[in-house]
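To keep things clear, I will list the structure first and then write my remarks on it.
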Amino acid sequence: MSSLRLPPHTTSAQAIGSVNYASCFVPVMSFISGIVFLQYGRFVSRQACRQSQVSFRLGTVGVVLHLAQVVVDFWCLFHSFQNYTSGKPYTYYLYEALQVFFAVGIIFVVQYHFFRLAYATDAFSKRWTVPLGLFCTGACVGGLGTSIEFYRHFRQGGFSSATPLVIRGRLLLFLIIWLGCNGFTDGAITFAMVKALYHGRAFVKQKSLRTTLSRLLTVIINTFSLTYLAAMLSLIAAILPHIIPNVSMKTEMACQTAGFFLNNLLSRIYLISFFCSFQETAYFAPHQNDSCVASMGHISTSRSCLVDSFGPTLAQCPGNRPPLRRQQKRARVQVTHQVQIAVDENIEEKTILIS
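Oh and the sequence shown: position 54 is 39 in the working numbering, straight run, nothing missing.
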């Protein structure tokens, strides 16, 4: 492949650039990864994760994939320094192939998590199913295609060849599909969830539920705004050298480095948002067992029996009702096509109905 044969001054500049990237950005990414692992530890220690097995499994899968990303980061740091001291060019093809592959898995896990939220709150109607299915499929195909193309280029050039500063051909096409479909999917989730939660929050009088909805709104807006921005900037960094005529080598190196950095940042933003979508126990009563907001308690596949943990206790399905007499009466929350809060008559409080 002719694009792998770069001039000597380009390969030497890339060797320096690879060390600068590895020495500067890998520690930054490791720090962010430390935050992710800390959040996961707190998540596991909560009772909430035990009451929502699906959320616990999703979080565990995401963290395992991210742990593999961290291992690849340190391998890249070691290998780039090794090549720099020996005066050889460094290729990012294998590194990017592994990073993109793990990132596709992490993004799919987190997006599925928020899809469950949207489904439980009835944010998505049937007309959303086909477009979102196409976008998700396109994102997965584009991401896996990008990873395969990176690996194919690595097989052709090996470790001894430098990575081209400008991405071309099928690799560029798959990268555009991956980042573009991810951006559209994030935008659709944000629009649907913000609309549903904001509409429900406007009628809520209960302080704890309003706090929960406000927190979830903030997490969703911040998450998908950042991921959309990172994906679009990475896409611009890949396309920019093709738009600007006679672009300098420094600009090409800056675009390449920015693209690598933003692609690695994407998965970390998704994971942080995943764990931030789970509520802290401080917002609720000390005796509360399930403080997991995003898991919606036990999210069933049946819309007639969707249960949320917004309130102090979980709602029960018709076939599993709690005893009528209890020492402490607690609020029951059930998420159906509308979010309804019913407070027992023995508690001297006003009945709240959200429609």
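Glycine residues also receive a C-beta, built at the ideal position from the N, C-alpha and C atoms. Being a predicted model, the structure only gives us computed values, none of them experimental.
Excluding the 5 residues flanking Gly47 on each side, which residues of the same chain have their C-beta closer than 7 Å to its C-beta?
Sequence-distant partners of Gly47 (beyond 5 residues in either direction) whose C-beta falls short of 7 Å from its own C-beta, in its chain, are Ile91, Val94, Val95, Leu256 and Phe259.
Here's a check: name, in chain order, each residue in its chain whose Cβ is nearer than 6 Å to the Cβ of Thr208, leaving out the five neighbours to either side.
So the qualifying residues of the chain are Ser258.
Span of the alpha helix (DSSP H) holding Tyr97?
Tyr78 to Ala105
In terms of residues, what are the limits of the alpha helix (DSSP H) holding Gly143?
Segment: none, Gly143 is in no alpha helix (DSSP H) and carries neither H nor E.
For Val49, does the three-state DSSP call read helix, strand or coil?
helix
Would Leu247 pass as a contact of Ser210 if the rule is Cβ separation under 8 Å?
no
Please determine, among Leu201, Met217, Ala216 and Cys240, the residue with the shortest C-alpha to C-alpha distance to Pro226.
The shortest Cα separation from Pro226 among Leu201, Met217, Ala216 and Cys240 belongs to Cys240.
Is the region 48 to 67 close to the region 111 to 126, with three or more CB pairs under 8 Å?
no
How about Ser252 and Gln54: are their beta carbons less than 8 Å apart?
yes
Closest by CA to Gly168, which one among Ile221, Arg155 and Thr203?
Ile221
Would you please state the rounded distance, in angstroms, between the beta carbons of Ile162 and Val126? I believe it to be under 8 Å.
Approximately 7 Å separates the beta-carbon atoms of Ile162 and Val126; this is inside 8 Å, confirming the contact.
Please give the ranges of any alpha helix (DSSP H) in the region 197 to 264, keeping only runs that are unbroken, at least 4 residues long and fully inside the region.
Entirely contained in the region 197 to 264, the alpha helix (DSSP H) runs reaching 4 residues are, in chain order, 234 to 261.
Neighbour flag for Tyr77 against chain B, beta carbons, 8 Å
Absence of chain B from the displayed structure is noted, only one protein chain being present.
Using only alpha-carbon positions, find the residue among Leu158, Gly165, Tyr77 and Phe99 that is nearest to Tyr136.
Tyr77
In angstroms, rounded to a whole number, what distance separates the CA positions of Ala88 and Arg155?
19 Å
Considering Cα atoms alone, identify which of Gly26, Leu164 and Leu129 is closest to Met217.
Leu164
For Ile152, which three-state DSSP category applies?
coil
Please state whether DSSP places Arg31 in a helix, a strand or coil.
Here Arg31 sits in coil by DSSP.
Would you kindly work out how many angstroms separate the C-alpha atoms of Lys235 and Gly130, rounded to a whole number?
28 Å
Beta-carbon separation (whole angstroms), Ala223 vs Leu158, contact threshold 8 Å
Between Leu158 and Ala223 the Cβ distance is about 11 Å, and since that is not below 8 Å, they are no contact.
Take Ser201 as the anchor and find which of Thr175, Thr212 and Tyr213 has the nearest alpha-carbon.
In the sequence as displayed, the identity of residue 201 is Leu instead of Ser. Checking every option, the nearest Cα to that of Leu201 belongs to Thr175.
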